[in-house]
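Quick note on numbering: the sequence shown equals residues 325 to 443 in the working numbering. Using N, Cα and C, we set each Cβ at its ideal position, and we do this for glycine too. All figures in this text were calculated on a predicted structure; none of them were measured in a lab. In what follows, a structure is listed as structure tokens, so that the remarks can point back to it.
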Amino acid sequence: MTRNAWHILKDDQSVTVTRRVPARFDVESEAVLPLGDKLRVAQQVRQDLWRALQNQRGFSPVVEVREQGGQLSIRAGGQCDRIVARRALEARIADVLNDSGKRARWVRFARLRNGGSHV
């Protein structure tokens with residue numbers, strides 16, 4: 325795998341974007357968005373999560389987006405290969421997921437495909 329490679333794992337219910345396979349959630353936080361394209365949301369969340377935590381040594385991001393109950397359920401976090409302050413790291417992940425500007429951009433981006441409909 326090259327340095328910039330990301331794995332995209334899909335099934336009927338979810339899309340997972342991860343640096344490593346199998347994906348592992350040592351730390352995580354969750355959020356909910358309106359329905360939209362799961363892959364587009366996963367990639368946008370992954371990008372923002374990576375930007376926020378790129379200096380967290382030993383951390384490999386994982387983002388899972390699942391359609392559930394008429395909305396998108398997002399689980400973001402990842403694998404930690406070093407000892408980390410778990411609660412502090414999960415709070416940083418939650419900050420990314422709860423940033424209103426980022427959330428609005430993710431929703432807009434998820435609706436761009438297929439004339440605004442979700443896939």
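*State the DSSP-derived secondary structure class of R344, mapped to helix, strand or coil.*
Residue numbering aside, residue 344 sits at position 20 when the sequence shown is read from its first letter. If DSSP states are grouped into helix, strand and coil, R344 belongs with coil.
*Would you identify the three-state DSSP class for F279, choosing helix, strand or coil?*
Residue 279 is absent from the structure shown; the chain starts at 325 and stops at 443.
*Which class does V351 belong to by DSSP, given the choice of helix, strand or coil?*
Translated into positions along the sequence shown, residue 351 becomes position 27. Residue state, collapsed to three classes: strand.
*Distance CB(S353)-CB(I407) smaller than 8 Å*: Counting from one through the sequence shown, the residue named residue 353 turns up at place 29. Counting from one through the sequence shown, the residue named residue 407 turns up at place 83. Going by C-beta atoms, S353 is not nearer than 8 Å to I407.
_Please report the distance separating the alpha-carbon of V443 from that of Q395._
Translated into the one-based positions of the sequence shown, residue 443 becomes position 119. Translated into the one-based positions of the sequence shown, residue 395 becomes position 71. Residue confidence is low: V443 scores 43 on pLDDT, short of 50, so the model does not pin down where it sits. Its coordinate-derived value is still stated next. Answer to the nearest angstrom: the Cα atoms are 12 Å apart.
_Option in P385, L363, D350, F433 with minimal Cα separation from A409_ = Position 85 of the sequence shown, counted from the first residue, corresponds to residue 409. When each option's Cα is compared against that of A409, the closest is D350.
_In chain order, what are the residue ranges of uninterrupted alpha helix (DSSP H) at least 4 long that sit wholly in the segment 359-399?_
As far as the segment 359-399 is concerned, its whole alpha helix (DSSP H) runs of at least 4 residues are 362-377.
*asked:* For D335 and G425, I'd like the C-alpha separation in whole angstroms.
replied: The count along the sequence shown starts at 1 and reaches residue 335 at position 11. The count along the sequence shown starts at 1 and reaches residue 425 at position 101. Going from the Cα of D335 to the Cα of G425 covers about 29 Å.
*When the Cα of S338 is compared with those of R435, P358, A366, which residue comes out closest?*
Indexing the sequence shown from 1 puts residue 338 at position 14. Nearest to S338 by C-alpha distance, out of R435, P358, A366, is A366.
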